[in-house]
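In this note's numbering, the protein residues as written are 335 to 726. C-beta: ideal position from N, C-alpha, C; glycine also. As the structure is a prediction and not an experimental result, all values here were calculated from the model. Here the structure is laid out as structure tokens; the discussion comes afterwards.
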């Protein structure tokens, strides 16, 4: 479902800029990505991800520079509503109708990203291609440092674009008439950027989207081959058979995701919120299932499955019937439901053999973990001071 949203987002951008039907854009985006992913596999995904990261980062910087060139820094800042740039909200709890507050972001975020980076196949498949455990750790360590500047760039672009919008009636009217905030960025690109630069920005944005799509297709294919094909269809396929069916499952999942993309625009008020809500529904329960197996000796299959289903269903209930509870809490809530119910149901059975979790601690990495904690403090300070800096 989240992959369907990732198809819809760049397709909507292309449709808004070019004027072509979004149906054609979804078909085009899906076709291009599924072909190079099916043919190239994970190696193609990683190499293109590196190039796409460079293009996407450069596009964000170019867009911010264009905004300043059109209106100037002071003019844009003066037009930004003061609450719009509030990076850290200590007042609200996330249970009072305000989605974006410090408490749900930190607590819910721990469960969300522990599952995303620790269990999501689209991320784990990258880590598993590393030459060693140290190389995997280094990649994740580097990701921790680079992710925040990139996300901060997205936020700065959005905030400054909001300020620019206040003084541009033609752009404001186009967004209001369409009643779709997702249209703001593509409309700005089509109305204010010259043709050559417009093409470069489109390539950058599409690169970011395709980076998500190729990794998702590969992860879905790998999980299908490992959990279904080699278990139930053919336990020992030849290399040629495995490659063929891997490509076929990649194409199959790509088609399924493409179909969902036609409905993705209706999930939430913006597409980015829709993607994250889908993740928040599932990530907590998945984390609960894994920790039941790691931390307890009594975890039974039926208990874990029942716990995961209960966690997902409860999160879906929160989505549709409890809108005052921030979606940032869903991962934590889903985890608690899954872990508590899964463990309780497992108590009815006997311990299935004895095993011990082997703890491994590499002292070489202790200092780097400390650096990450300090970096977290720096991130909170920057986020808190950003609003004060703009309006001081």
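Check                                                                                                                                          : Outcome
Counting C-beta neighbours from all protein chains within 10 Å, is the total for residue 525 16 or more, i.e. buried, or is it exposed?        : exposed
Give the DSSP-derived three-state secondary structure of residue 660 in the structure shown.                                                   : coil
What's the C-alpha gap between residue 633 and residue 678?                                                                                    : 9 Å
Hey, how far is the Cα of residue 429 from the Cα of residue 443?                                                                              : 15 Å
In this structure, does DSSP put residue 549 in helix, strand or coil?                                                                         : helix
In three-state terms, what does DSSP make of residue 602?                                                                                      : coil
Looking at residue 575: is its Cβ nearer than 8 Å to the Cβ of residue 568?                                                                    : yes
I need the straight-line Cα distance from residue 523 to residue 516, nearest angstrom please.                                                 : 13 Å
Measuring straight from C-alpha to C-alpha, what distance separates residue 628 and residue 530?                                               : 53 Å
Are residue 349 and residue 356 closer than 8 Å when you measure CB to CB?                                                                     : yes
DSSP three-state call for residue 574: helix, strand or coil?                                                                                  : helix
Give the straight-line distance between the Cα atoms of residue 473 and residue 571, rounded to the nearest whole angstrom.                    : 32 Å
For residue 611, does the count of other Cβ atoms within 10 angstroms reach 16, so buried, or fall short, so exposed?                          : buried
Any idea what DSSP makes of residue 355, helix, strand or coil?                                                                                : coil
Pop quiz: residue 486 and residue 397 are said to be a contact at Cβ under 8 Å. What is the actual Cβ separation, rounded to whole angstroms?  : Wrong, their Cβ atoms sit about 14 Å apart, outside the cutoff.
With a threshold of 8 Å between beta-carbons, can residue 659 be considered close to chain B, or not?                                          : Although the question refers to chain B, the structure presented lacks it and comprises just one protein chain.
Please classify residue 613 as buried or exposed, where buried requires at least 16 neighbouring CB atoms within 10 angstroms.                 : buried
Here's the rule I'm using: 16 or more other beta-carbon atoms within 10 Å means buried, otherwise exposed. How should residue 481 be labelled? : exposed
Decide if residue 589 is buried, meaning its Cβ has at least 16 other Cβ atoms within 10 Å, or exposed.                                        : exposed
Determine the DSSP secondary structure at residue 444, reduced to helix, strand or coil.                                                       : helix
By alpha-carbon positions, which one of 464, 539 and 338 ends up nearest to residue 394?                                                       : 539
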